[in-house]
Amino acid sequence: MRVPTAVHDRTVTAWLHEAQASVTARADYLTQLDAAIGDGDHGINMTRGFEAVGKALAAQGADTPPGRLLVIAGKTLVSTVGGASGPLWGSALRAAGRSLGDAEAFDGPQLAAALDAALAAVVALGAAQPGDKTMVDALGPATAALRERLAAQASIADAVSAAADAAEAGAQATAPMQARKGRASYLGERSIGHQDPGATSAALIMRALDTAVMQEG
Ligand code: ADP
Ligand code: MG
16 MRVPTAVHDR TVTAWLHEAQ ASVTARADYL TQLDAAIGDG DHGINMTRGF
66 EAVGKALAAQ GADTPPGRLL VIAGKTLVST VGGASGPLWG SALRAAGRSL
116 GDAEAFDGPQ LAAALDAALA AVVALGAAQP GDKTMVDALG PATAALRERL
166 AAQASIADAV SAAADAAEAG AQATAPMQAR KGRASYLGER SIGHQDPGAT
216 SAALIMRALD TAVMQEG
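For this note's numbering, count along the sequence shown from 1 and bump the result up by 15.
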């Protein structure tokens, strides 16, 4: 198996297409999770947003730098998704894209910096702390795992795989939490016992990156 050392624009395109396929395939599940503690639109929001991202990417030239593709994806999410997840994911992807700049490819540390920037953008906009039962509880562990594995000399593929595992574990760990941000916080203690929809879709998006790196690396 080829061990990827750098990630290219093809990988970002594959990532966003894989994310689209993944949230679309699990739209009903995401909506059920949101129906339990929110307003039941998360699957629809994510599906609509990533479908628009797919179309926006299809209109880009083959040599568009990966950072630029992420900025376009982020802007598309902001303009097509009405729920909280639109601006949050939109800011995240724009920040990741700006962090990568116009480089043709990026390595592990640059990917880690981009995901850190994405997380920082979500926190800057939504002010969620770890444990507030939001997408931060999936993205935080994911970025930490990515950095930890890269520091231990893992390949990008292994580090991204560990990040996706950490995001899934983080999403599952939101079930016993009480929501302190977003619509679910209106439920107070009644939000306890349900997995957070946004953390769940964040884990799908991290797994989509893992799949894209494995395929395209
Ligand atoms: P809405 O809540 O507007 O209907 P969605 O259903 O699309 O939007 O997304 C809900 C998800 O957004 C939540 O499950 C949570 O993970 C995330 N979220 C909501 N508010 C915040 C916030 N302030 N910071 C981070 N994530 C948040
Ligand atoms: Mg909702």
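All C-beta atoms in this analysis are idealised placements derived from N, C-alpha and C, irrespective of residue type, glycine included.
| Query | Result |
| --- | --- |
| When you measure from the CB of Gly-98 to every non-hydrogen atom of the ligand MG, does any distance come out below 6 Å? | yes |
| Is it right to say Met-16 is buried, meaning 16 or more other beta carbons lie within 10 angstroms of its own, or is it exposed? | Residue confidence for Met-16 is low, a pLDDT of 44 falling below 50, so the modelled location carries little weight; the figure read from the coordinates is stated next. Label assigned to Met-16: exposed. |
| With a Cβ-Cβ cutoff of 7 Å, do Ile-87 and Ala-71 count as a contact? | yes |
| Check this for me: beta carbons of Ala-182 and Met-221, under 7 Å apart or not? | yes |
| What is the residue span of the alpha helix (DSSP H) that His-209 lies within? | Per DSSP, His-209 belongs to no alpha helix (DSSP H) and is neither H nor E. |
| Taking Asp-131 as the reference, which of Ala-120, Gly-146, Gly-208, Leu-115 has the closest Cα? | Leu-115 |
| Indicate, with yes or no, if the ligand MG has a heavy atom lying under 6 Å from the CB of His-209. | no |
| Could you tell me whether the region 206-219 touches the region 21-29, using the rule of 3 or more Cβ pairs below 8 Å? | no |
| My output table needs one value for Val-38: the three-state DSSP class, helix, strand or coil. | helix |
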